[in-house]
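One structure is given here, and the rest of the page talks about it.
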Amino acid sequence: MFEILNNTVITLNINGEDRQVIAKPSDVLLYTLREELGLTGAKPGCENGDCGACTILVDNWPIKSCLMLTVEAIGKQILTIEGLKNAPIQRAFVENWGFQCGYCTSGFLMVCHALANIRPDANDYVIQEWLQSNLCRCTGYEEIENAIKSILNSEV
1 MFEILNNTVI TLNINGEDRQ VIAKPSDVLL YTLREELGLT GAKPGCENGD
51 CGACTILVDN WPIKSCLMLT VEAIGKQILT IEGLKNAPIQ RAFVENWGFQ
101 CGYCTSGFLM VCHALANIRP DANDYVIQEW LQSNLCRCTG YEEIENAIKS
151 ILNSEV
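For the sequence shown, position 135 (counting from the first letter as 1) is numbered 135 according to full-length UniProt numbering, and the numbering increases by one without interruption.
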């Protein structure tokens with residue numbers, strides 16, 4: 001079996017902008033974002049897809065960037081917390097005390113932003129189901145749920 005071991009220049013669309021990076025086929029998107037592009041909002045937590053601290057949006061869907069190879073993102077639209085830019089969910093988190101230490105916050109914001117856009121009619125069950133993909137070790141989820149509820153059915 002032939003395997004490419006060399007670094008390759010690839011183009012990724014990140015936050016609406018085409019960016020060129022050098023990547024190996026084995027590079028994980030989380031580290032390409034952080035180390036090659038300086039986008040440190042997605043956090044390395046468990047690095048096995050359990051905690052959700054590294055969540056970004058790929059083609060508008062929440063994806064754990066620690067589980068996605070950089071080369072899998074070619075041709076996709078990637079949105080990181082840096083590209084969210086004052087979205088209503090950010091204000092809602094502040095107003096509803098939806099964070100404490102902040103380590104998990106960017107991942108939760110990305111999931112909640114996607115939920116508000118994809119399922120603006122989400123009920124409590126749907127909200128809780130979506131939030132199961134992320135872990136917070138500091139606060140209860142009630143504040144996060146209140147934040148997402150405060151913006152549902154509003155313009156996101």
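Idealized CB from N, CA, C, for every residue including glycine.
Predicted model, so just to flag it, every value in this text is computed and none were measured.
- Here W97 has E143 as same chain residues with Cβ atoms under 6 Å from its own Cβ, once five neighbours each way along the sequence are excluded.
- Bounds of the alpha helix (DSSP H) holding L131 are 124-131.
- Contact annotation: the region 82-93 does not touch the region 118-131, with fewer than three C-beta pairs closer than 8 Å.
- Assignment of beta-bridge partners to Q90 by DSSP yields no partner.
- In the structure shown, the three-state DSSP call for A114 is helix.
- The C-alpha of N6 is placed about 32 Å away from the C-alpha of M110.
- In the DSSP annotation of this structure, the continuous segment of the beta strand (DSSP E) that includes L57 starts and ends at 55-58.
- In the DSSP assignment, K64 is bridged to T55.
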